[in-house]
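Undergrad: Quick one: structure below, then a few questions.
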Amino acid sequence: MLTWKNVIHYAVKGNLEPDFKVIKSDEDWKLLLTPEQYRITRKNGTEAAHTGALCSLFEDGQYNCVCCNTPLFSADIKFKSDSGWPSFTQPIKENAIKYVKDISFGMVRVEVLCNTCNAHLGHIFPDGPKPSGLRYCINSEALQLQKIEEENNEE
1 MLTWKNVIHY AVKGNLEPDF KVIKSDEDWK LLLTPEQYRI TRKNGTEAAH
51 TGALCSLFED GQYNCVCCNT PLFSADIKFK SDSGWPSFTQ PIKENAIKYV
101 KDISFGMVRV EVLCNTCNAH LGHIFPDGPK PSGLRYCINS EALQLQKIEE
151 ENNEE
C-alpha cells in the first residue's frame, strides 16, 4: 500500500517505470480528445468543483486514463470526499501514477499524471481515509469508467 511518504519520495527522487509508454504529438492528442479533455489532460487544466460526470458515480469497474486507456483506479477504492472531484485512495498498480512536485498558484502540492502517457489527472493529498490516508483528487474528464459486465450464467 502506498503512503504519503512513498508519494513524496517518488515526487522528489523519481517515479517507477511504467509497463509501457504512449507518446503522441500534440496534434494527435487534439484529434483523439474532446476540447475539455485536451485542456485538462494535456494542458494541466482542472474542471470546476462538483461538475464532473464521475464525481458522484459509484459503479463497479475501473477508471482508465481517457488518453491511453491505461487502468488507473478501481471503483473499489473510490470514496465520497465532498471535495468536488472523484477521489480514490490507491492506484490499481503502484507504477500506474507519476508524481510531480507542483509549486503553481503559490502553494506546494503533488500533481498526479498517468505514468503511461503523462496525462495530467489531478493532485494527491494526505487527508484521505485510513488505512493509506491518501486522497487522489482526479478530474472526471481525465478518466473513463470501464464497467464490469455481469456474466449471465443462465442456460
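Counting from 1, one number per residue, gives the positions in the sequence shown under the UniProt record's numbering.
All C-beta atoms in this analysis are idealised placements derived from N, C-alpha and C, irrespective of residue type, glycine included.
Bear in mind the structure is a predicted one, so any value in this text is a computation, not a measurement.
(1) CB Q62 to CB F79, shorter than 9 Å?
(2) With a Cβ-Cβ cutoff of 9 Å, do N67 and C137 count as a contact?
(3) Counting only the same chain and skipping the five closest in sequence on each side, list residues whose C-beta sits under 8 Å from that of A119.
(4) Which first and last residues belong to the beta strand (DSSP E) in which P86 is found?
(5) I believe C117 touches V22 by the beta-carbon criterion, under 8 Å. Please report the beta-carbon distance rounded to the nearest angstrom.
(6) Quick check: the Cα distance between W85 and K5, rounded to an integer number of angstroms?
(7) Runs of 4 residues minimum, wholly inside the UniProt domain "MsrB" (26-148): which ones carry the alpha helix (DSSP H) assignment?
(8) In the DSSP assignment, find the alpha helix (DSSP H) that holds V7 and state where it starts and stops.
(9) Measuring CB atoms only, is the segment 82-97 touching the segment 42-57, in the sense that at least three cross pairs come out at less than 8 Å?
(10) Kindly indicate which residue of K13, A53, N44, E94 has the alpha-carbon position closest to the one of E111.
(11) Which residues in the same chain as K98 place their Cβ atom closer than 6 Å to its Cβ, once the five residues preceding and following it in sequence are excluded?
(12) Please determine, among A96, D19, I103, E59, the residue with the shortest C-alpha to C-alpha distance to L121.
(13) What does a CB cutoff of less than 7 Å around D127 pick up in its chain, not counting 5 residues either side in sequence?
(14) Can you name, in chain order, every residue of its own chain whose Cβ lies under 7 Å from the Cβ of D60, other than the five neighbours on each side?
(15) Roughly how many angstroms lie between the CA atoms of Q90 and L2, to the nearest whole one?
TA: Quick answer:
(1) Here residue 62 is taken as the residue at index 62 of the sequence shown, counted from 1. Here residue 79 is taken as the residue at index 79 of the sequence shown, counted from 1. Not in contact: Q62 and F79 (Cβ atoms no closer than 9 Å).
(2) Start at 1 with the first residue of the sequence shown, and residue 67 comes out as number 67. Start at 1 with the first residue of the sequence shown, and residue 137 comes out as number 137. One detail in the question is off: residue 67 reads as Cys in this sequence, not Asn. Not a contact, by the Cβ cut-off of 9 Å.
(3) Taking the first residue of the sequence shown as 1, we reach residue 119 at position 119. Closer than 8 Å at Cβ, skipping near neighbours: T41, R42, C65, V66, C67, C68, L113, A142.
(4) Mapped onto the sequence shown, residue 86 falls at position 86. Premise fails: P86 is in no beta strand (DSSP E) and is neither H nor E.
(5) By one-based count along the sequence shown, residue 117 stands at place 117. By one-based count along the sequence shown, residue 22 stands at place 22. The pair is a contact, with the Cβ atoms about 4 Å apart (cut-off 8 Å).
(6) Residue mapping note: residue 85 aligns to position 85 of the sequence shown, counting from 1. Residue mapping note: residue 5 aligns to position 5 of the sequence shown, counting from 1. The alpha-carbon atoms of W85 and K5 are separated by roughly 23 Å.
(7) Within the UniProt domain "MsrB" (26-148), the complete alpha helix (DSSP H) segments of 4 residues or longer fall at 26-32, 35-42, listed in chain order.
(8) As a working mapping, residue 7 is identified with position 7 in the sequence shown. From DSSP, the alpha helix (DSSP H) with V7 extends over 4-13.
(9) Flag = yes, the segment 82-97 and the segment 42-57 touch.
(10) As a first step, residue 111 must be located in the sequence shown, where it is residue number 111. For the residues K13, A53, N44, E94, the minimum Cα distance to E111 belongs to N44.
(11) As a position in the sequence shown, residue 98 is number 98, starting the count at 1. Excluding positions up to five away in sequence, the list reads N15, L113, N115.
(12) Within the sequence shown, numbered from 1, the residue matching residue 121 stands at position 121. Among A96, D19, I103, E59, the Cα nearest to that of L121 belongs to A96.
(13) For the purposes of this step, residue 127 is identified with residue 127 of the sequence shown, where counting begins at 1. For D127, where only same-chain residues beyond five positions count, the Cβ hits under 7 Å are R135.
(14) On the sequence shown, position 60 is the one that residue 60 refers to. Hits under 7 Å: A75, K147, I148.
(15) Taking the first residue of the sequence shown as position 1, residue 90 is located at position 90. Taking the first residue of the sequence shown as position 1, residue 2 is located at position 2. The alpha-carbon atoms of Q90 and L2 are separated by roughly 7 Å.
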